[in-house]
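K.L.:
Letter 168 of the sequence shown, counting from 1, is numbered 168 in this note's numbering, and no numbers are missing.
Right, I'll just put the structure down here and ask away after.
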Amino acid sequence: MILRRLTEALRRQDWSTVAVEIMIVVLGVFIGIQVSNWNEARVDEGRARAYLERVGQDLDADLATLADRKGFWDQVSRYGETGLRYAQTGTAHDTSHWNVLLAYFQASQVAEFITTQATYDELRSAGDLELISNLDIRNALARYYHFGAAPSVVERPAYREHVRGIIPMDIQAYIWDSCYESNASGFQRMFDCPPAVDEEAARAVVDTLAGNALLMQELRYWMSTMHVAQLIANDRVAAATALKELIGASESISSHLGTSR
């Protein structure tokens with residue numbers, strides 16, 4: 001219709017009508033482009049929200065894992081302290097030699113913490129980081145996920161291999177079956193259990209362990225590492241919590257603006 005009117009106006013040399021029709025065409029094209037850009041922006045905004053929602057879920061997973069690891073590392077540390085105290089004093093104090101033997105074994109346990117970053121890796125590999133328009137969030141994401149895993153929270157200590165090379169295998173098998181459990185999520189639990197051997201046999205093993213100077217040196221190193229792991233975990237909890245709050249504040253603002261529109 002517009003093209004026919006424009007052709008007729010040109011034939012009549014009605015320049016006013018020609019100008020009006022051209023302006024209508026240009027305005028229509030401009031509005032069409034703007035609508036397309038607006039729709040594309042809304043799609044991108046929706047994708048960014050979906051990404052950030054998934055990042056929030058990853059952070060929740062990290063916080064749950066960190067809570068578990070902090071408790072586990074604290075328990076490992078307490079077992080280690082029991083073993084070191086026996087090596088220093090030569091007495092079981094208010095516990096049994098079986099419990100000291102159990103402590104020496106359980107002090108060798110490890111529990112890794114590796115940041116959950118599948119969503120962030122997807123953002124980077126797809127080149128979609130620019131979808132997140134909030135520069136503060138982008139920078140916070142980069143800082144948080146640059147961590148990966150510190151050696152202290154993924155280490156396999158020499159003590160672990162050494163002590164398990166000394167404790168008799170039948171006792172180790174009993175501890176695994178009766179004093180320890182884990183689940184598919186990688187969460188572990190250590191607990192007290194009835195003695196596998198009598199006190200005399202348990203004392204013979206713990207005296208061998210406590211008298212091994214190199215083994216005790218390795219245990220002290222591992223206890224120091226457990227302390228560092230707790231400090232790192234505290235930092236990770238603070239960082240994950242701050243990032244969640246930043247994302248939550250951004251989503252609240254976006255929701256308010258969307259309602260206002």
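Idealized CB from N, CA, C, for every residue including glycine.
This one's a predicted model, so the numbers in the text were calculated from it and none came from an experiment.
Under a three-way DSSP split, which group does residue 138 fall into?
P.N.:
Helix, per DSSP.
K.L.:
Only counting the same chain, and skipping five residues up and downstream in sequence, which positions put a Cβ closer than 7 angstroms to that of residue 259?
P.N.:
Summary for residue 259: the model assigns pLDDT 45, below 50, so the residue's position carries little reliability; its value from the coordinates is reported in the next sentence. None.
K.L.:
Can you grab the Cα-Cα spacing for the pair residue 229 / residue 153, in whole Å?
P.N.:
Approximately 6 angstroms, taken between the alpha carbons.
K.L.:
Leaving out five residues before and five after residue 249 in sequence, what residues of the same chain have Cβ atoms less than 6 angstroms from its Cβ?
P.N.:
Cβ neighbours of residue 249 beyond the five flanking positions: none.
K.L.:
Taking 8 angstroms as the cut-off, decide whether the C-beta atoms of residue 131 and residue 237 are in contact.
P.N.:
Cβ distance not < 8 angstroms, so residue 131 and residue 237 don't count as in contact.
K.L.:
Taking the beta carbon of residue 281 as the centre, do at least 16 other beta carbons fall within 10 Å, making it buried, or is it exposed?
P.N.:
Examination of residue 281 is not possible in this model, given that the chain is present from 1 through 261 alone.
K.L.:
Quick one, which of 47, 52 and 45 has its alpha-carbon nearest residue 243's?
P.N.:
If we check each option's Cα against that of residue 243, 52 comes out closest.
K.L.:
State the DSSP-derived secondary structure class of residue 45, mapped to helix, strand or coil.
P.N.:
Helix.
K.L.:
Mind the definition here: the segment 60-75 touches the segment 165-174 only if three or more C-beta pairs lie below 8 angstroms; say whether that holds.
P.N.:
Touching, no, given that fewer than three Cβ pairs across the two stretches are closer than 8 angstroms.
K.L.:
Assuming residue 104 and residue 209 form a contact by the criterion Cβ under 8 angstroms, report the distance between their Cβ atoms to the nearest whole angstrom.
P.N.:
Correct: roughly 5 angstroms between the Cβ atoms.
K.L.:
For residue 239 and residue 90, what's the separation of their Cα atoms in angstroms?
P.N.:
Each residue's Cα considered, the two are about 43 angstroms apart.
K.L.:
Give the list of continuous alpha helix (DSSP H) stretches no shorter than 4 residues that lie fully inside the segment 51-79.
P.N.:
Listed in chain order, nothing qualifies, since the segment 51-79 has no complete alpha helix (DSSP H) run of 4 or more residues.
K.L.:
Run the CB neighbour count on residue 97, radius 10 Å, all protein chains shown included, and call it buried at 16 or more, exposed below.
P.N.:
Answer is buried; the Cβ neighbour count reaches 16.
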